[in-house]
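A.B. asks: Residue numbers (full-length UniProt numbering): 1 to 745.
Dropping the structure here:
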């Protein structure tokens, strides 16, 4: 049967269409390219049109026979009239280039694979699985294997997929526009994983932009800026045992000590050009190290793909792509898997507060201020020279909601630490009068950001019930860790920035002056139970000229190390979960440098090794002593013995577990003096045992014994002290923190 109609000539003027195709500005390709039914008289014919730049000849392969198409004038448009219907399953296009011949499916013969119901949720701001509908997804469609591309660009004149597979030509793969949702989509069959691609966007003003895929699961490492085709993650849900272990380790009544890590500078392969360790190498090295030190969790500084190393990940462009600096998506999934197997919690820094202005990123994505506010008073961050998300836009909420859910659900993370929450909550954050726009009620609260944070937390907890969402929030915003149902932001934990600032300020003072600033170590107890707090000594405290923690300590060499050990001891006894930045256990003198690995040779020094051993010992005592962690969020878990001894710079208090009979007496002393025969009131008569003394020889301390007993035991006496009926007599070492555990009556 002859399928080509030789006796029918359909005359059309395609000048305008060809011009738009050649310039890459064609906005309605599916109404022109591909197969179309036309009527000539009473008979219907199929007109096939394809546009293939640089093609020498083009044929239609139908029923295993090639039919030569007709070139339109001297252009790259080819047409053919047939008397049979065509669909994606019964024909292919054969193209002869100068370099050879290629056979491929006609992308314009496929219907849309876009889920309109999902687009409704997207436009409503409630789509929580956007990564299953946007970006580049390998699917089967109409019997063919290929990639479904979808991108939101409502104000674009036209959008094309460009990549290695079409020699980056914007005139090859024009996308279909869905005006109702503002989304463009295209199914391209027979593409290979790891091919690079972008979206070529023509704005209404005619400007051509090349943008990375906002939902890309993989991106090129800088200086490359392309997205990379990546198969969906092969998720393995946690088994019951691992799920229960996660529930236990993330609970507010559990001991949580977090080791914060910048993957690019924890360790490097110096013998191999100072290269980064891969996710798999880090799984082999970092996770056992963290377990050895006794931490319960690892918190990674941002790994969403970012172009500038100096941003440490806090200016991401590929929010859905684990940074290729450290390996593949599968490699990061392996790292997460090993954490779960080793029962180490894995938290990830998440940055929904702002994004950089890199031309391939979200900034002016379709030629308009799509993801950010157009008004610089709302859409530009003066501190970081970055764009601020437009949280009032439903589609932006869906994007961020989906991103949070993606990391927690797809990679089986324990949770997210949300960066710079205060900058999101306040419209006047770091802005002077006249530099910000009030909300609809005349206030400074960013109502869109509040809603976005609440929804993100609710979705993550719904889909991952045992997750922990952590806020880095530096103000007194009420209810950060209250549930959304009760008007809170819905976080599980909040960084206690007030404790960190006050206590570090105190520790930097000369011991002789500390008595005048005693309140800096006690004020935190005025609000310690208002939220579920984490006490952070993070990377922010050892950069930008602030010096290292050790260098902040005054005095001679010995006093600096002693002060740091005493400070860590105070921190581990204070209500709140714990976080230390990597290297805190090594006590370097230099502040952190993201371009170099930690100075591991410090462990060869007795003084630095002493800090390492003290951190290890603190984790051991902390995790094995319920009174230090069970009741962090209630006054019933804490009692001052003496908070007023400013003259001697001594703080003493009791930590209780859920059972009031289980408690720990803590004494922190911040001068170089030794106090012998010190009588300390205790809440109950009986025997007490020293379970931690930061001044021990093994920690490079002076070795002053708190009690004379070999087993470090001391019996209380019925001698009133500090308003208590019973007391013990101890020696308080210089610059030290001591824990005395109640043993028995």
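For every residue, glycine included, the Cβ atom is placed at its ideal position computed from N, Cα and C.
Check for me: the beta strand (DSSP E) holding residue 345 runs from which residue to which?
C.D. replies: Start and end: 345 to 350.
A.B. asks: Taking residue 751 as the reference, which of 543, 351, 524, 360 has the closest Cα?
C.D. replies: With the chain covering 1 to 745 only, the question about residue 751 has no answer from this structure.
A.B. asks: May I ask which residues mark the beginning and end of the beta strand (DSSP E) holding residue 202?
C.D. replies: Element bounds for residue 202: 196 to 202.
A.B. asks: Skipping 5 residues on each side, what residues in its chain have a beta carbon closer than 7 Å to that of residue 590?
C.D. replies: So the list reads 548, once near-sequence residues are dropped.
A.B. asks: Would you report the Cα separation of residue 31 and residue 73, rounded to the nearest angstrom?
C.D. replies: Straight-line Cα distance between these residues: approximately 21 Å.
A.B. asks: Do the region 596 to 610 and the region 258 to 269 make contact, defined as three or more Cβ pairs closer than 8 Å?
C.D. replies: Yes, since at least three Cβ pairs between the region 596 to 610 and the region 258 to 269 fall closer than 8 Å, the two stretches touch.
A.B. asks: Considering Cα atoms alone, identify which of 156, 695, 379, 71 is closest to residue 18.
C.D. replies: Of the listed residues, the one whose Cα sits closest to residue 18 is 71.
A.B. asks: Could you give the distance in angstroms between the alpha-carbon of residue 580 and the alpha-carbon of residue 684?
C.D. replies: Looking at the two C-alpha atoms, the distance is approximately 33 Å.
A.B. asks: Taking 7 Å as the limit between beta carbons, can you name the residues of its chain near residue 730, skipping five residues before and five after?
C.D. replies: Within the same chain, residue 730 has close Cβ partners 678, 680, 706, 707, 714.
A.B. asks: Could you tell me the distance, in whole angstroms, from the CA atom of residue 576 to the CA atom of residue 254?
C.D. replies: So the alpha carbons of these two residues sit roughly 11 Å apart.
A.B. asks: Cβ of residue 639 less than 9 Å from any chain C Cβ?
C.D. replies: Among the chains of the structure shown, chain C does not appear; only one protein chain is present.
A.B. asks: Which residue spans inside the region 218 to 284 form an unbroken beta strand (DSSP E) run of at least 3?
C.D. replies: Runs found: 257 to 261.
A.B. asks: In the DSSP assignment, find the unbroken beta strand (DSSP E) run with residue 746 in it and report its ends.
C.D. replies: This structure does not reach residue 746, given that the chain is present from 1 up to 745, and the question cannot be answered.
A.B. asks: By alpha-carbon positions, which one of 150, 404, 621 ends up nearest to residue 464?
C.D. replies: The candidate whose alpha carbon is nearest that of residue 464 is 404.
A.B. asks: Using only the alpha-carbon positions, how far apart do residue 230 and residue 217 sit?
C.D. replies: Distance between the alpha carbons of residue 230 and residue 217: 6 Å.
A.B. asks: Rounded to whole angstroms, what is the Cα-Cα separation between residue 317 and residue 369?
C.D. replies: The alpha-carbon atoms of residue 317 and residue 369 are separated by roughly 16 Å.
A.B. asks: Taking the straight line between their C-alpha atoms, what separation do you get for residue 213 and residue 102?
C.D. replies: In a straight line, the C-alpha of residue 213 is about 27 Å away from that of residue 102.
A.B. asks: Checking the sheet assignment: what are the DSSP bridge partners for residue 642?
C.D. replies: According to DSSP, residue 642 bridges with 652.
A.B. asks: Confirm, please, whether the CB-CB distance from residue 105 to residue 223 is below 9 Å.
C.D. replies: No, the Cβ-Cβ distance between residue 223 and residue 105 is not below 9 Å.
A.B. asks: Put residue 295 into one of helix, strand or coil per three-state DSSP.
C.D. replies: If DSSP states are grouped into helix, strand and coil, residue 295 belongs with coil.
A.B. asks: According to the Cβ coordinates, are residue 480 and residue 421 closer than 9 Å?
C.D. replies: In contact: residue 480 and residue 421 (Cβ atoms closer than 9 Å).
A.B. asks: Under the DSSP definition of a beta bridge, which residues are partnered with residue 66?
C.D. replies: DSSP output for residue 66 lists 61 as bridge partner(s).
A.B. asks: Which residue comes first and which comes last in the beta strand (DSSP E) that contains residue 522?
C.D. replies: First-last for residue 522: 519 to 522, but that is the alpha helix (DSSP H), not the beta strand (DSSP E).
A.B. asks: Out of 52, 112, 641, state which residue places its alpha-carbon closest to the alpha-carbon of residue 96.
C.D. replies: Here the closest residue by C-alpha is 52.
A.B. asks: Can you tell me where the beta strand (DSSP E) holding residue 676 begins and where it ends?
C.D. replies: Looking at the DSSP string, the run of the beta strand (DSSP E) that includes residue 676 is 675 to 682.
A.B. asks: Considering only the alpha carbon of each residue, which of 644, 671, 717, 704 lies closest to residue 682?
C.D. replies: Checked all of 644, 671, 717, 704; the closest Cα to residue 682 is 717.
A.B. asks: Considering only their Cβ atoms, is the gap separating residue 442 from residue 470 smaller than 9 Å?
C.D. replies: Contact flag unset, no.
A.B. asks: As a quick exercise: from 367, 505, 340, pick the residue whose alpha carbon is nearest that of residue 205.
C.D. replies: Nearest of 367, 505, 340 to residue 205, Cα basis: 367.
A.B. asks: For residue 611 versus residue 699, is the C-beta spacing smaller than 9 Å?
C.D. replies: Yes.
A.B. asks: Taking only three categories from DSSP, how would you classify residue 191?
C.D. replies: Residue 191 falls in the coil class under three-state DSSP.
A.B. asks: Can the beta-carbon of residue 328 be found less than 9 Å from the beta-carbon of residue 381?
C.D. replies: Their beta carbons are not under 9 Å apart, which means residue 328 does not touch residue 381 by this criterion.
A.B. asks: So if DSSP puts residue 162 in a beta bridge, which residue, or which two residues, is it bridged to?
C.D. replies: According to DSSP, residue 162 bridges with 198.
A.B. asks: What distance in whole Å lies between the Cβ atoms of residue 197 and residue 131, which are believed to be in contact at a cut-off of 8 Å?
C.D. replies: Wrong, their Cβ atoms sit about 16 Å apart, outside the cutoff.
A.B. asks: Find the nearest neighbour of residue 341 within the set 284, 617, 66, judged by alpha-carbon distance.
C.D. replies: The residue with the shortest Cα to Cα distance from residue 341 is 284.
A.B. asks: For residue 558, which of helix, strand or coil comes out of DSSP?
C.D. replies: Residue 558 falls in the helix class under three-state DSSP.
A.B. asks: Examine the Cβ distances between the region 295 to 304 and the region 382 to 391 and report whether three or more of them are shorter than 8 Å.
C.D. replies: The region 295 to 304 is not in contact with the region 382 to 391.
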